[in-house]
Structure formats: C-alpha cells, structure tokens
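Here this note's numbering = 1-based position in the sequence shown + 998.
Glycine residues also receive a C-beta, built at the ideal position from the N, C-alpha and C atoms.
Here's the structure we're looking at; comments come further down.
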Amino acid sequence: MPHDTSLIGTIVAGLGVAFLMGALAHRLKISPIAGYLLAGVMVGPFTPGFVADTGLAMQLAEIGVILLMFGVGLHFSLKDLLSVRRIAVPGAIAQIAVATALGMMLGLWLGWSVEGSIVFGLALSVASTVVLLRALQARDMVETEKGRIAVGWLIVEDLVMVLALVLLPAMFGSRGDEGGSAGLLQSAGIVLVKVVGFVAFMFVIARRVLPWVLHWVAHSGSRELFRLAVLAIALGVAFGAAVIFDVSFALGAFFAGMILGETQLSRRAAEETLPLRDAFAVLFFVSVGMLFDPKVLVEQPGPVLATVAIIVVGKSVAAYALVRAFGHNSGTALTVSVSLAQIGEFSFILAGLGVGLKVLPETGRDLILAGSLLSILFNPILFSLAVKRMRSDEPEAVEAEGVDAPAPCNAGVVLIGYGRVGSHIGSLICGRGEGLTVIEDQKDMAAAAREAGATVIVGDATKESILRQAGLDEASTLLIAIPEGVEAGAIVRRARAINPKLVIVARAHSDEEVADLVRRGADHVVMAERETASRMAERAMLTLA
C-alpha cells in the first residue's frame, strides 16, 4: 500500500488479538487482563509473526491512562481527596521508601551501582494507574473509603514520581560537577513551583472556564459536539499539564475530571468517554505485553522471582502495616495493599530514564518489565483472595464490596437505576409510603434516592452479590429502569435465578430488546416508544370523537 499503515496495523493487531485472548481468558474464568497481556507478547518484537509498533502502542496506551484518570476524576471530588490526605500522603511516602530500599538491596546484591539500584527501587515502588483503577472499578470500590484511600495514595505516588523524573537527571547527570548540589536544589525548586502553579491554575482559572465551556456546549443541543468537547478537555488539559507544568498526563487528566465532576454534567461526560476509556485501557495492557521478553524468565529466574516478591509481597506488607497503623480495619488495609501490589507505566519511564542516564543496566529494565507483567497478571487473583478474606471476616464485613447498607434489605420492591425514569418511579412509590430499595452506581443519583426515602445500595446491579444485598431473594417485584438493554438482560437472568417467583418489569427501546428480555425471564417489558405512540394516538382519537 502507498500509505504508512503502522498506526492502523498496531490498533488492529492490538485490539484483534486482545479480543481473541480476552475471550479465551473469560472462557477459562480467569481475568481478561491476562489475555490482553498475552496478546501483547504475541504481537511484540520478541515472538515470531506480526510485530506491532511498540512506540505507537505506548502512546496509544498513554491515551488510555489519560481517559481513565479523567473518568476517575469525574467521580472523585476535592472533598474526597482531602478526606484521605492524612493517610495517603505519609503512607505513600513511607511505602515508596520501603520499596525503594528493598529494590536497592536487590540491585546491590546483583552487583549494580548505588545509583542504578536506587532507580531500580524507585521503579518498583509506584503502582500502575490503569491496573489499580480497573481492579477497583470491577468491584465498585472507587467511591468507598477503601477506594478513596487507594486513589489518594496513587495520586501522591504520581506526584513523587514526577519529582523523581526531574531530579534524577540533575542528580546523576551532574556527577563530578561541583555545581551538582546547587543544580539539584534549583531543579527541586523549579519542580515544586511548577506543581504549585499547575494546582493553582486548575483551581483558580480552569475551575471557572472548563465548566462554563461544557455547559455552553451542552446548551447547543449537539451530542456530537458535547462528546468532542469532553475529549478535547480531557486530552488538552493532560497534554498542557505535561508540556507547560511538567506533571504527568494522568495527573492533569485527573484534575480536569475532578473539576468537571463538580458540575451537573459529570454523569453525561462519564458516559460519553466510557467506550474510548475501555478500548484504550485494553491497548495499555497490550503495550505492556509487547515490552516483555520471555527469555528473561529462563535466563534470570532468581532475580525475576526476587523482583516479583518485592512488588507483590514487600510493597503489600508495607502498605498493610501502614494502613493498620493509621487505625483502619484489616479490610481497608487489604484493599489498599493488594491495589498497590503491581507496577506499570511510571516504572517503564523510570527504567528508560535510568538506562538513558547510564546508571541502570539493561538487565534492570528487563527485570522491571518482567516484574510488571507478572505482578499485573497476579493482581486480579490477589484481589479475589482479598475479597474472600474480607467476606469471611464477619466483624469487618460491614462495608461490603461497593455497598453502603450493612445488611441485606427486605423491601418488597427493588428498583434498579434512579435516573430520569427511575426517579419518577421512586417518587411515586415512596410518596405512597411503600418500602423501596434502589440499586444505583452513581453517588449523586444514590443521594437523591436516599433523600426520597428509599434504601440505597451503591453498586453494579449486574453482579449477583449486589442483587442479593438488595434482598432480591425475598422481594416481590423488580423494576429495571436503566436504558441499557444488554445490562438489563444480564440483570434479568441473574434475578430470575435468585428468585424464580419474582415479578420482573423491565424497560426497552426496541422490539429486539423486548424479545431478549422476555426470553431471559422478564414478566413485563415496557417499550417507551410504543407507550408514547399509544398515548398520543389515544389523545388524537379523543379529539376526533
């Protein structure tokens, strides 16, 4: 072909092979992340066959990090961030110190220089943004206390790594220079000024401008323009933060999302970016797999195992002890420690910088990549074990996974979704003094349902544990008010399995959705367009009569 197709080839190969391996992983009932990582190995330069462009894959993965952090910021208010500062700031710094010390000892044992060992330890100390957030989102933990602590901890780690990326060249690039100390202090001062400047800019100027822009676009009535505005803000702020203020893309996107999260359009903005967030997050895992050379497992099994042990065991034990020392229960400590038991994108950047400064041997980069892939592979398994441990610990099972209520509810009617349709249903039922349990995954909608007098479960209604927490096995009626047909079908199937006698009323937008919901077990399906047409026809007939 006359045109350069490396970008298209990388996207097609990455998503195509990731789909096949992800589907296989799902079939085998293991985390799809394992399939995505293996897909990256298959299209990477260290295995035979098609080789995707590694540089392009890493840039595509960075877009995924930006969109994911933007989405988290939309649901993470400044109040949430400040509420965990007392544990996130000292805890993250102490955990980084412990992990760096362990990595440094391993590097010295392998015969590396002190400088290289420090860089190696730093690379092992910082967790992957994508892996941590995907794990929390999969279990509806982002908006729980555990999730807020983990995300706050992650933000502090990112800030420390931003500082490290600027200071390392000043420290190791000026060796033998008498002005090295002065240069180091000057570099540190410049970094601090830029970080403070970025935060000030976001809260003084962007906090006024960005919501105004988004509201103006929303009032234009163009859904396409609104989606474009959301993406432009997310990517533009992230890029500007990196270029102008030298902070990470992820941090810039997080602050942009947090500012827009204070507006009434935050839910719509989150929905508009969700498909792209998922697609580019997959490309992130593929890009990690592409960097992995399987030969390192055979040539250096001992150092690889030691590296993985520092990441999975050393960091986890340190984080667990720190969270417990601050007075939190073992459930919160387990969640935070397991969330951080992996490394990712910042680790690769630090490794590349260390090799470029000629302080970290290329063997160190190989060990970091191996440790990253294996720790990401093990992380879903560790999370599952941690969740089982928390469920078996009765005294601390009060805060169930993604759930606000401490005990199963026994309401006769369960309503899923408290949006435009669900809120009207809720007001009618609660207005008559009837008991109602609402399942909602957005905290603003959940708060509205709680104010209306309903019992609220915050979580993903497609999960059996959430449905049981809502007391579905004892309920008489289930009302599904969410507009998504695929999710509604999954809910109907699980609800029917939990309670065969349950009366299920669902919402649909097409004849195909109606047929699918009925086939899965719904007793009544209301199609909005059909009901609207019937009411309008009735009015017309009355006029003609």
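Residue range of the beta strand (DSSP E) that includes residue i
i     : result
I1414 : 1411 to 1414
T1330 : Where T1330 is concerned, there is no enclosing beta strand (DSSP E), although the alpha helix (DSSP H) it sits in stretches over 1328 to 1337.
E1438 : 1434 to 1438
I1478 : 1475 to 1478
I1581 : In the structure as shown, the chain begins at 999 and stops at 1543. Residue 1581 is therefore absent and cannot be evaluated.
Opening and closing residue of the alpha helix (DSSP H) in which residue i lies
i     : result
M1288 : 1264 to 1288
A1232 : 1221 to 1242
A1307 : 1299 to 1307
T1098 : 1083 to 1107
K1030 : A small correction: the amino acid at residue 1030 is Pro; Lys does not occupy that position in the sequence shown. Per DSSP, P1030 belongs to the alpha helix (DSSP H) from 1030 to 1041.
I1464 : 1462 to 1467
M1019 : 1004 to 1025
D1442 : 1441 to 1449
W1110 : Counting along the chain, W1110 falls outside any alpha helix (DSSP H), and DSSP gives it neither H nor E.
A1216 : 1205 to 1217
E1343 : 1343 to 1354
T1127 : 1127 to 1136
S1421 : 1418 to 1429
F1253 : 1247 to 1258
V1315 : 1313 to 1323
Bridge partner(s) assigned by DSSP for residue i
i     : result
E1060 : Per DSSP, none; premise fails for E1060.
V1523 : A1504
Contact check, residue i vs residue j, beta carbons under 9 Å
i     : j     : result
E1113 : V1321 : no
R1206 : E1260 : no
G1119 : G1101 : yes
G1071 : M1256 : yes
V1015 : V1049 : no
L1076 : G1150 : no
A1148 : V1334 : yes
G1417 : I1341 : no
L1212 : A1267 : yes
G1352 : V1117 : yes
I1308 : A1450 : no
I1478 : F1278 : no
L1375 : V1336 : no
M1534 : D1509 : no
F1017 : K1293 : no
K1313 : L1348 : no
L1476 : V1436 : no
V1286 : A1059 : yes
G1415 : A1459 : yes
P1359 : I1031 : no
I1094 : V1193 : no
G1519 : V1484 : no
R1265 : Q1440 : yes
L1208 : V1235 : yes
L1355 : P1046 : no
G1038 : F1290 : yes
Cut-off 6 Å between Cβ atoms - residues of its own chain near residue i, not counting five sequence neighbours on either side
i     : result
E1397 : Any reading at E1397 needs caution, since the residue's pLDDT is 40, under 50, leaving its predicted position unreliable; the model's value is listed next. Within the same chain, E1397 has no close Cβ partners at all.
V1401 : Unreliable positioning characterises V1401 in this predicted model, as indicated by a pLDDT of 42, which lies under 50. The coordinate reading is nonetheless provided below. Hits under 6 Å: I1455, G1457, Q1467.
E1270 : R1225, V1228
D1442 : none
N1408 : Unreliable placement is indicated for N1408, whose pLDDT of 49 sits below 50; the coordinate value is still reported in the next sentence. Contacts found: G1469, E1472.
E1462 : R1492
L1106 : S1115
P1393 : With a pLDDT of only 43 at P1393, under 50, the local geometry of the prediction cannot be trusted, and the value read off the model is given with reservation. Excluding residues within five positions, none has a Cβ falling inside 6 Å.
R1494 : G1519
A1316 : Q1093, V1096
Same chain, Cβ closer than 8 Å to residue i, neighbours up to 5 away in sequence not counted
i     : result
L1332 : Y1318, A1384, R1387, M1388
L1272 : G1069
I1153 : L1079, A1086, L1249, F1252
A1011 : V1041, F1048, A1050
V1302 : V1294, L1295, L1365, A1368, G1369, L1372
Close Cβ partners of residue i (< 7 Å) along its chain, the five nearest in sequence each way excluded
i     : result
R1537 : none
V1523 : A1504, A1506, V1512, L1515, V1516
T1330 : E1143, K1144, I1147, V1321
F1196 : A1239, F1243, V1245
M1200 : F1253, I1257
V1063 : T1127, V1128, F1247, A1248, F1282, E1343
A1055 : T1008, G1012, L1281, V1284, S1285, M1288
L1424 : According to the sequence displayed, residue 1424 carries Gly and not Leu. Cβ neighbours of G1424 beyond the five flanking positions: L1413, Y1416, L1434, V1436, A1447, A1450, A1452.
Note down, one range per segment and in chain order, each alpha helix (DSSP H) of at least 4 residues found wholly within the segment 1482 to 1512. 1483 to 1496
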